[in-house]
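Take 20 as the starting number for the sequence shown in my numbering and just add one per residue. Every residue gets a Cβ at the ideal spot worked out from N, C-alpha and C, and that includes glycine. Predicted model, so just to flag it, every value in this text is computed and none were measured. This report concerns only the one structure given below.
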Amino acid sequence: KKLNEIDSQTNDIKSNSFKPTITSYYLPDRQNDFISNIKKAEEMRKQKLNSIKRTVEIEKNKSLTFSPAINNYKVKSDNKPVYDRLYDKAIEIRSKHEDRIKKANEYDFDGNRLFTPELIKSPSNKYNN
Numbered sequence: 020k021k022l023n024e025i026d027s028q029t030n031d032i033k034s035n036s037f038k039p040t041i042t043s044y045y046l047p048d049r050q051n052d053f054i055s056n057i058k059k060a061e062e063m064r065k066q067k068l069n070s071i072k073r074t075v076e077i078e079k080n081k082s083l084t085f086s087p088a089i090n091n092y093k094v095k096s097d098n099k100p101v102y103d104r105l106y107d108k109a110i111e112i113r114s115k116h117e118d119r120i121k122k123a124n125e126y127d128f129d130g131n132r133l134f135t136p137e138l139i140k141s142p143s144n145k146y147n148n
């Protein structure tokens with residue numbers, strides 16, 4: 020008897036429970052093909068990423084004050100070993116440095132030639148002995 024009462028109560032609850040009506044709807048921008056949707060989303064993501072990269076690059080270039088130029092510097096192709104080329108370069112640099120020192124001793128800061136009298140010994144005079 021108790022089982023019948025419990026069963027009738029559950030049936031009453033089931034009959035009185037909320038039963039919404041669900042309607043299906045269609046979104047026009049969605050397609051049924053899942054893979055094409057993923058490809059389209061990936062393509063849109065790449066486009067957005069590229070536009071962000073371009074924007075960042077433009078802003079970075081605007082903020083730079085120094086833009087170096089890259090030259091195509093090639094070492095002279097001679098058959099000398101590296102140590103000979105370095106030694107020759109050092110000798111060249113040393114001679115240029117010595118020339119600069121020599122020139123600095125001949126001119127003052129304003130670019131005027133410094134006066135250095137040249138002293139020549141005169142032949143001994145018969146009368147000065």
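Same chain, Cβ closer than 6 Å to residue i, neighbours up to 5 away in sequence not counted
i	result
H116	none
N23	none
Beta-bridge pairing of residue i - partner residues as DSSP gives them
i	result
R132	Y126
Residue i - containing alpha helix (DSSP H), residue span
i	result
L68	F53 to S82
Beta-carbon proximity list for residue i, same chain, < 7 Å, skipping 5 on both sides
i	result
R132	E125 and Y126
I112	none
Cβ neighbours of residue i in the same chain (closer than 8 Å, five flanking residues each side left out)
i	result
T40	none
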